[in-house]
Structures are given as C-alpha cells and as structure tokens.
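Data first, discussion second: the structure below is written as structure tokens.
In this note's numbering, the protein residues as written are 3 to 170.
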C-alpha cells in the first residue's frame, strides 16, 4: 500500500466498542511472518459463517463497503493482545486509515509502523463520521494528512493531531 498525503475513500462504519486484535485477525492466522495474504481473514469470525460463506450482514461483505479504505470505529479499537498481524490484515484488505475515539497503545503505534493512519477524534466527531459512513459508497470521507483534517461528505471538517515524526 502506498503512503498517502490525502485519502478520499469509502468508510465502513463499525460502531462496536472494544474491537480487539483477536477479532481483527484470529490467532489461528498468525502462523505467517508475511505481511500479505491476511486481508482475506480480516474480521474472520465476524465476516464468515462456519462453512466459510460470507455473513451478508457484516459491513465489509456489503457491496457498498467491499472497497472501503477507511474504518470509522467505536472506542478502544485494537485492544487485546499485541499482534502486528492486525494492522497487516487491515492494510492487506485495503484499509489505510482507522478513525476512533481511542485505541490500545500498542495497536496505535503498530498502525503507524505499518502504514495505517489511526486518527483520534471526539465522540461527537466520530458519531458524525459514523452517520456519514452509514450512507455507503455515496459518502466519501477525506483525510488530509498534511492539513491534519478529516472531512465528511457534506464538507464538515474536523482537525486531528498526529506526531510530526509519525507522518512519514
């Protein structure tokens, strides 16, 4: 995945709180040290039935979100055990940015190390973007890393902070 300064893409709404790294990529897929090939198992237990068929109600299985590049998530995203495979799986699927009110520290830092931008906003701001994301592919959220802003499809813009060293 290429680095970006501006990303305008489909955002998948995932309002669940405490999405942990085991939900992001279950432990049975951690046998590899390759960063590629994990996207198919992203959110495996939430995305697939036991027979391997897709769960049609899971957000990333819906046609409007199959090409999502951004996740708007509930608080405490990436909690749980420390596994670098979680950002690898997100990135391999095509996710380049996660927006939430909070993250587990290790996951947050692993995102930066692996080319994913984790943005922290207030609950009200995340709620607005979540509402926007629920409109599907018609709503594109824009992230401007240089200006440090996130814009909803209606033009509402929120500022975010990021350590200048981590921008690169």
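Just so you know, even glycine gets a beta-carbon here, dropped at the ideal spot from N, CA and C.
Spell out whether any CB of chain B is found under 9 Å from the CB atom of residue 59.
-> The structure shown contains no chain B; it holds only a single protein chain.
Does DSSP classify residue 49 as helix, strand or coil?
-> helix
Measuring CB to CB, does residue 10 end up less than 9 Å from residue 142?
-> yes
Name the DSSP bridge partner or partners of residue 105?
-> 79
Go ahead and label residue 104 buried or exposed: buried means 16 or more other beta carbons lie within 10 angstroms of its beta carbon, across all protein chains shown.
-> buried
Are the Cβ atoms of residue 120 and residue 82 separated by less than 9 Å?
-> no
State the Cα-Cα distance for the pair residue 124 and residue 40, rounded to the nearest angstrom.
-> 30 Å
On the DSSP bridge assignment, give the partners of residue 122 in chain order.
-> 102
Can you tell me whether DSSP reads residue 171 as helix, strand or coil?
-> For residue 171 there is no data in the structure shown, the boundaries of the chain being 3 and 170.
Bounding residues of the beta strand (DSSP E) (the contiguous stretch that carries residue 154) | Looking at the DSSP string, residue 154 is not in any beta strand (DSSP E), and its letter there is neither H nor E.
Separation of residue 14 from residue 110, as counted between CA atoms = 19 Å
From which residue to which residue does the alpha helix (DSSP H) around residue 23 run?
-> 23-26
Euclidean distance between Cα positions of residue 12 and residue 134 = 10 Å
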